[in-house]
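K.L.:
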Amino acid sequence: MSSEGRASSRLERRSAPSLRNWEKPGENAHEAVVDCGWGRLIFAHTFSDNKRLAAVLADERADARDIAFYLRDPHVVLAQAPQSLFLDPSHTYRLWLGNWRPGRVSQRTTIIRKLRSKADAEAINRLYASRQMVLVPPEFVWDNRKSKSISYIVAEDAQSGEIIGTVTGVDHTGAFEDPENGSSLWCLAVDPRATQPGIGRALVAYLADHFLARGRSFMDLSVLHDNMPAIALYERMGFQRVPVFTLKTKNPINEKLYTAPAPASDLNAYARIIVDEARRRGIAVDVHDAAEGYFSLGFGGRSIMCRESLTELTSAIAMSRCDNKMVTSHVMRSAGLYTPEHVRAGDEQAERAFLKLHRKVVVKPVRGEQGHGISVGISSYRDLQRAIREAQRTGVDVMIEQMVEGEDLRVVVIDFQVVAAAVRRPPEILCDGEHTVAELIEKHSRRRAAATAGESRIPIDGETRRVLRAQDCRLEDVPERGRTLHVRKTANLHTGGTLHDVTDQLSPVLHDAAVEAARALDIPVVGLDMIVDSPSGNSYCIIEANERPGLANHEPQPTAQRFIDLLFPQTVTSEHRRGRSRT
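Residue numbers for the sequence shown follow the numbering used here, beginning at 44 and rising by one.
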């Protein structure tokens with residue numbers, strides 16, 4: 044009988060996980076520890092002494108997250124160092140590989156494979172950053188590509204070749220000759236911008252197949268108790284919850300896991316990123332209206348009122364210049380900066396003449412934010428009238444703007460310095476031949492919402508239907524597998540758009556134009572929206588200025604740090620000063 048067959052017959056007789064090697068301290072006491080780059084995976088059941096285990100946890104290196112797994116007596120170890128250790132609020136789930144049936148995963152849209160190159164290792168780190176996970180030096184990943192203990196798996200976009208997902212497997216038998224013949228899954232991360240459905244499931248299935256082929260008996264994973272979408276996925280795949288506990292150290296990385304929910308927990312992602320940075324520096328936070336993002340920050344006798352990234356440091360004049368898109372354009376042009384031509388809606392003759400001149404136009408409310416009421420690529424007068432009515436639902440005044448082709452670039456300027464630049468791309472879906480367009484939009488919306496704390500979702504409205512109609516498609520259609528559909532023309536984050544960091548690629552011309560625009564508006568914090576040929580090129584048109592730019596989702600750029608630097612320069616640490624000197 045094969046090793047797989049023997050494992051299967053043995054495991055099918057079990058109704059509960061076998062923990063026999065946990066019950067005899069000292070039997071396997073060779074203190075198994077696996078360095079995973081993000082921290083050490085400490086197999087606690089291989090330690091014969093609880094004090095020794097607590098001491099190993101205390102020896103955690105800076106900027107790492109060690110995990111002590113499979114504790115016999117978590118309460119006893121915790122008692123050794125209650126001020127520095129905590130019981131992780133995660134559940135452990137186990138997949139019995141003897142009952143696992145390998146599933147076929149379509150390779151038409153997503154290729155699941157092992158790590159192949161240094162570029163793969165760098166892409167894994169990018170995915171970790173996008174999910175606010177602890178980073179791993181790419182050279183560590185590359186150096187361990189042939190490890191008997193660690194397996195790196197990636198998901199590759201079959202069309203673009205881009206890495207869009209990753210998962211790490213740890214082979215317990217390879218690590219310490221585990222008598223239970225186990226394995227575990229760690230660091231599952233899917234690119235929040237990816238359009239393919241089922242990437243996470245495919246990665247988990249591939250890793251299960253991988254360990255089944257090695258003859259392992261089970262695969263464990265740890266998941267936060269409130270991560271209900273992930274738990275639902277694992278349970279659908281056959282994972283069962285097991286009584287396994289985890290200990291971690293109290294460090295800044297883990298802080299949100301062992302402290303009570305902050306009073307500002309109801310703040311959105313854009314306010315929370317600022318509040319969290321303020322608290323890290325010992326700045327007092329007083330939340331006045333969480334729903335609307337109002338809070339005050341106080342330090343050293345100084346108090347500043349904020350609404351997300353808008354503060355009382357921004358004058359009413361500067362705010363009004365940004366609030367009215369037509370005024371923004373006039374200010375930019377007066378400063379010698381480039382903006383698209385525009386006309387106010389309401390005069391049919393002027394509307395028709397403008398459309399005839401530019402062939403394609405953008406319709407938007409004169410006052411508005413978050414992409415609401417904007418229609419892009421209007422080429423007929425009938426669609427123009429429909430778009431104007433849509434925009435009027437958001438604001439009475441509507442402008443028609445020359446459509447400029449190119450990439451949508453957001454540049455964040457704080458204290459007249461460029462802090463972050465990101466290309467914003469409209470949402471799209473990749474069809475699988477099984478689900479309707481509406482279902483695929485909803486799946487992608489859930490992924491976007493999960494990655495942005497609920498800030499990014501794709502609305503199903505008249506604009507979405509118009510964009511689909513232009514591609515001869517409807518919400519109830521099931522397009523052929525592999526077809527890519529655009530579902531919006533606008534790239535705003537709030538309507539499902541995605542951000543791609545290009546700060547290091549920004550050309551001197553675009554950099555200087557952004558700084559000059561901030562100075563023309565006389566505003567200390569601003570998000571400038573440009574249409575560019577390329578972030579590294581010199582061609583641009585400034586289309587909007589946002590007086591309250593979202594500072595979240597610009598990883599790895601230090602947007603919140605620079606914002607707090609502006610408000611409370613006396614709290615700038617030496618580490619932040621070094622960072623500023625590099626930028």
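Backbone N, C-alpha and C define an ideal beta-carbon position, used for all residues, glycine too.
#1: Determine the contact status of Val-455 and His-554, defining contact as a CB-CB distance below 8 Å.
#2: Report the partner residues of Pro-408 according to the DSSP bridge assignment.
#3: Any beta carbon from chain D within less than 8 Å of Pro-125's own beta carbon?
#4: Have a look at Leu-380 and Ile-110 and give me their C-alpha separation to the nearest angstrom.
#5: Since Val-552 is in the alpha helix (DSSP H), which residue starts that stretch and which ends it?
#6: My parser needs the alpha helix (DSSP H) runs of 4 or more residues fully inside the region 264 to 319; what are they?
#7: Give a yes or no on whether the C-beta atoms belonging to Asp-440 and Pro-408 are separated by under 8 Å.
#8: DSSP has Phe-338 in a bridge; who is on the other side?
#9: Going along the chain, which residues of its own chain have a beta-carbon closer than 6 Å to the beta-carbon of Ala-333, five neighbours each way excluded?
#10: Would you list, in sequence order, the uninterrupted alpha helix (DSSP H) runs of no fewer than 4 residues that lie entirely inside the region 100 to 139?
#11: Cα separation between Asp-214 and Phe-86?
#12: Would you tell me roughly how many angstroms separate the C-alpha atoms of Ser-418 and Cys-516, rounded to the nearest one?
#13: List the whole-angstrom C-beta distance separating Arg-115 from His-88, where the pair is believed to meet the contact cut-off of C-beta under 8 Å.
#14: Kindly indicate which residue of Gly-212, Ala-245, Pro-502 and Cys-230 has the alpha-carbon position closest to the one of Asp-200.
#15: Would you report the Cα separation of Ala-492 and Thr-382, rounded to the nearest angstrom?
#16: Would you identify the three-state DSSP class for Thr-479, choosing helix, strand or coil?
#17: Inspect the CB distances between the region 267 to 276 and the region 96 to 104 and report whether three or more fall short of 8 Å.
#18: My understanding is that Met-375 touches Ala-560, with C-beta atoms under 8 Å, so please give their C-beta distance in whole angstroms.
#19: Taking only three categories from DSSP, how would you classify Leu-84?
#20: Could you compute how far the alpha carbon of Leu-84 sits from the alpha carbon of Ala-465?
#21: Could you compute how far the alpha carbon of Thr-302 sits from the alpha carbon of Thr-527?
#22: Identify which residue in Lys-291, Ala-172 and Val-575 has its Cα closest to the Cα of His-118.
#23: Taking Cβ positions, are Glu-412 and Asn-589 nearer each other than 8 Å?
#24: Below 8 Å on the Cβ atoms is my guess for Ser-203 versus Leu-264; work out the distance and round it to an integer in Å.
#25: Going by DSSP, name the residue or residues bridged to Tyr-583.
#26: Figure out for me which residue from Ser-173, Asp-366, Leu-427 and Thr-437 has the closest Cα to the Cα of Ala-396.
#27: Do Val-406 and Ala-378 have their C-beta atoms closer together than 8 Å?
#28: From the DSSP output, in three-state form, read off Met-176 for me.
#29: If we count the other Cβ atoms within 10 Å of its Cβ and call it buried at 16 or more, is Ser-352 buried or exposed?
#30: Looking at Glu-523: is its Cβ nearer than 8 Å to the Cβ of Cys-584?
#31: Please tell me whether Gly-343 and Gln-613 are closer than 8 Å, where the distance is taken between their beta carbons.
#32: Is DSSP giving His-385 helix, strand or coil here?
#33: Does Ala-327 pass the burial test, meaning 16 or more other C-beta atoms within 10 Å, or should it be called exposed?
#34: Under 8 Å between the Cβ atoms of Ile-296 and Val-179?
#35: So, with DSSP's three-state summary, where would you put Val-521?
#36: Rounded to the nearest angstrom, what separates Ile-278 and Leu-138 at their Cα positions?
P.N.:
For this structure:
#1: Their beta carbons are not under 8 Å apart, which means Val-455 does not touch His-554 by this criterion.
#2: Val-441
#3: Protein chains in the displayed structure number just one, and chain D is not present.
#4: 53 Å
#5: 551 to 564
#6: List check, alpha helix (DSSP H) in window: 271 to 279 and 298 to 301.
#7: Yes, they are a contact pair.
#8: In the DSSP output, where bridge partners are listed per residue, Phe-338 has Val-330 and Cys-349.
#9: Asp-309 and Leu-310
#10: 117 to 123
#11: 12 Å
#12: 18 Å
#13: 6 Å
#14: That would be Ala-245, whose Cα lies nearest to the Cα of Asp-200.
#15: 32 Å
#16: coil
#17: Between the region 267 to 276 and the region 96 to 104 there are fewer than three C-beta pairs closer than 8 Å, too few to call the two in contact.
#18: Contact holds; Cβ gap of about 6 Å.
#19: strand
#20: 35 Å
#21: 44 Å
#22: Lys-291
#23: For Glu-412 and Asn-589, yes; Cβs fall inside 8 Å.
#24: The Cβ separation is near 29 Å, so there is no contact.
#25: Val-575
#26: Leu-427
#27: no
#28: Under the three-state reduction of DSSP output, Met-176 falls in the coil class, being neither helix nor strand.
#29: buried
#30: no
#31: yes
#32: DSSP places His-385 within a strand segment (E or B) once states are collapsed to three.
#33: Ala-327 should be labelled exposed.
#34: No, Cβ-Cβ distance for Ile-296 and Val-179 is not below 8 Å.
#35: coil
#36: This sequence places Glu at residue 278; Ile is not what is there. When rounded, the distance between both Cα atoms is 9 Å.
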